[in-house]
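Okay, so here's the structure we're looking at.
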Amino acid sequence: WLCVRKQFLRLGKTNVKFLSCCLMKKNNKIKSNSLHCSDLFLHHLTDFSLSLCVFVCLLFLGAFDLCVADVPAPEQPELFLKKLQQCCTVFDFMDTLSDLKMKEYKRSTLNELVDYVTVSRGYLTEQAYPEVVKMVSHNIFRTLPPSDSNEFDPEEDEPTLEASWPHLQLVYEFFIRFLESQEFQPSIAKKYIDQKFVLQLLELFDSEDPRERDYLKTVLHRIYGKFLGLRAFIRKQINNIFLRFVYETEHFNGVAELLEILGSIINGFALPLKAEHKQFLVKVLIPLHTVRSLSLFHAQLAYCIVQFLEKDPTLTEPVIRGLLKFWPKTCSQKEVMFLGELEEILDVIEPTQFVKIQEPLFKQISRCVSSPHFQVAERALYYWNNEYIMSLIEENSSVILPIMFASLYRISKEHWNPAIVALVYNVLKAFMEMNSTLFDELTATYKSDRQREKKKEKEREELWKKLEDLELKRGLRRDGIIPT
702 WLCVRKQFLR LGKTNVKFLS CCLMKKNNKI KSNSLHCSDL FLHHLTDFSL
752 SLCVFVCLLF LGAFDLCVAD VPAPEQPELF LKKLQQCCTV FDFMDTLSDL
802 KMKEYKRSTL NELVDYVTVS RGYLTEQAYP EVVKMVSHNI FRTLPPSDSN
852 EFDPEEDEPT LEASWPHLQL VYEFFIRFLE SQEFQPSIAK KYIDQKFVLQ
902 LLELFDSEDP RERDYLKTVL HRIYGKFLGL RAFIRKQINN IFLRFVYETE
952 HFNGVAELLE ILGSIINGFA LPLKAEHKQF LVKVLIPLHT VRSLSLFHAQ
1002 LAYCIVQFLE KDPTLTEPVI RGLLKFWPKT CSQKEVMFLG ELEEILDVIE
1052 PTQFVKIQEP LFKQISRCVS SPHFQVAERA LYYWNNEYIM SLIEENSSVI
1102 LPIMFASLYR ISKEHWNPAI VALVYNVLKA FMEMNSTLFD ELTATYKSDR
1152 QREKKKEKER EELWKKLEDL ELKRGLRRDG IIPT
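Numbering (our numbering), first residue to last: 702 to 1185.
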């Protein structure tokens, strides 16, 4: 049997008949010594895939017990390829009781392959590249199951975890180690890791299992870093995924992970930025703020926006105007997120860019401060705790104070939440210290305006009262109750 096992390393799929004969003879199912007994195996071959038959043969012949690292160095690459071929067999994990022994053998073999590519040298021959990609493709590329419910809410519902994860995780781990290997040669691998491979990889980002999406993020990042010819294609396909997500489906599980990859990609953009990159920011990233599930990926989205502004400060004005255009009107939670993102942008804004957008920006902040929802008002008022924002406000207090004053003064007298009133008093105090003369003028103007408003309101009430009395008298005359 040691002889047969050693011989197996030199046999291809055409010799499955011979191996099957050995297998059956070993299990006492066939007593004949003739190799013609393998014809009996062919009778049963229709019930099994060829890869499964080879897997079973290898399993019973004991080749799985033979570790790649244990054989002589010249034989290791060949055994490595054979083990890759056997791991192409995919098992059904939905049936928890089927093929338990074979599943365990495959798991241990994948573990062995992970360890081998991590520490070994000289295994990565040119023949290994197609076999590695083939094994990875057989295991990870599949049709993702639909959500259990059409009303699946990723913010509330638990995701459906991948049943085959015991194998899938090791395949991803193996592929990452393969891509990170010092012996890895992109010039050879590009024949097999091509646009079709990347497209299938991107489709897997819609998996509900966050563990798989995390591995996919690492894999795609490594591919982007090593294959220069695929970079533009990857960016274009991510662009297409986001556009379809915003304008058609509003459903894609891997938006956060793709944005995380984009964050590092944007960080590496050369200056000056290309027109396509600026268009991606304005036409794709800004509209992503409109989707209902924004909270699932907002942190990553805000990071990408800030990365763009750090690269090119002149993009600040279109970005802030875009955010103001899509500002939420009915969702307080999203409004709080927008305010948080705006603060991140203001942390990196240049004073010259701040001047261009201060008026529309603080008109919106004024509306937020006046919000009856205390979390929105509180988040807006926290801007005055930011030293850099305070310095910008102080430099432009003559413009900002008139925009904010009326709302702040009214809230200090009328808001229902005492915590908000306390914050407003602090803001008014800060404004008074910045520009006391303007503050006094605005206070006097506000009070005189309020007096005029009260006077007009009183006049309106008196006029309505006169009209009501007049109508009442007309009604009485018409009914003959009082003489005309």
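All C-beta atoms, glycine included, are put in the ideal place defined by N, C-alpha and C.
Here Thr790 is buried, its C-beta having at least 16 other C-beta atoms within 10 Å.
In this structure, DSSP gives Arg822 a state outside helix and strand, which the three-state scheme calls coil.
Burial state of Asp910 is buried, judged by a 10 Å Cβ sphere holding 16 or more other Cβ atoms. Taking C-beta atoms as the reference points, Val1128 and Leu1082 count as a pair closer than 8 Å. Judged by pairs of C-beta atoms under 8 Å, the segment 863-876 does not touch the segment 898-907, as fewer than three such pairs exist.
Taking 8 Å as the cut-off, the Cβ atoms of Leu982 and Phe1009 count as close.
Only exposed fits Leu972, as fewer than 16 other CB atoms lie within 10 angstroms of its CB. Secondary structure remark: continuous alpha helix (DSSP H) runs of at least 4 residues inside the segment 944-996, in chain order: 956-968, 976-981. Cβ contact annotation for Pro988 (same chain, cutoff 6 Å, sequence separation greater than five): Val947, in chain order.
Per DSSP, the continuous alpha helix (DSSP H) segment holding His922 begins and ends at 911-927. Between Val1070 and Ile1112 the beta-carbon gap is near 7 Å, inside 8 Å, which marks them as a contact. Ranking Leu1102, Ala1078, Asn1097, Ile939 by CA distance to the CA of Pro1119 puts Ala1078 first.
Exposed is the label assigned to Leu1171, since fewer than 16 other Cβ atoms lie within 10 Å of its Cβ. Note on geometry: alpha-carbon atoms of Thr950 and Gln938 lie some 16 Å from one another. By the neighbour-count definition (other C-beta atoms within 10 Å, threshold 16), Gln980 is an exposed residue.
Only residues of its own chain outside the window of five on either side were considered, and among them Phe998 have a CB closer than 6 Å to the CB of Val956, listed in chain order. Rounded to the nearest angstrom, the gap between the Cα atoms of Arg822 and Phe842 is 28 Å. Going by DSSP, Pro1103 is part of the alpha helix (DSSP H) stretching over 1098-1115.
Using a Cβ distance threshold of 8 Å, Ile1104 and Ser1067 count as a contacting pair.
Within the same chain, and ignoring the five residues on either side of Met795 in sequence, the residues whose Cβ sits closer than 7 Å to its Cβ are Ala864.
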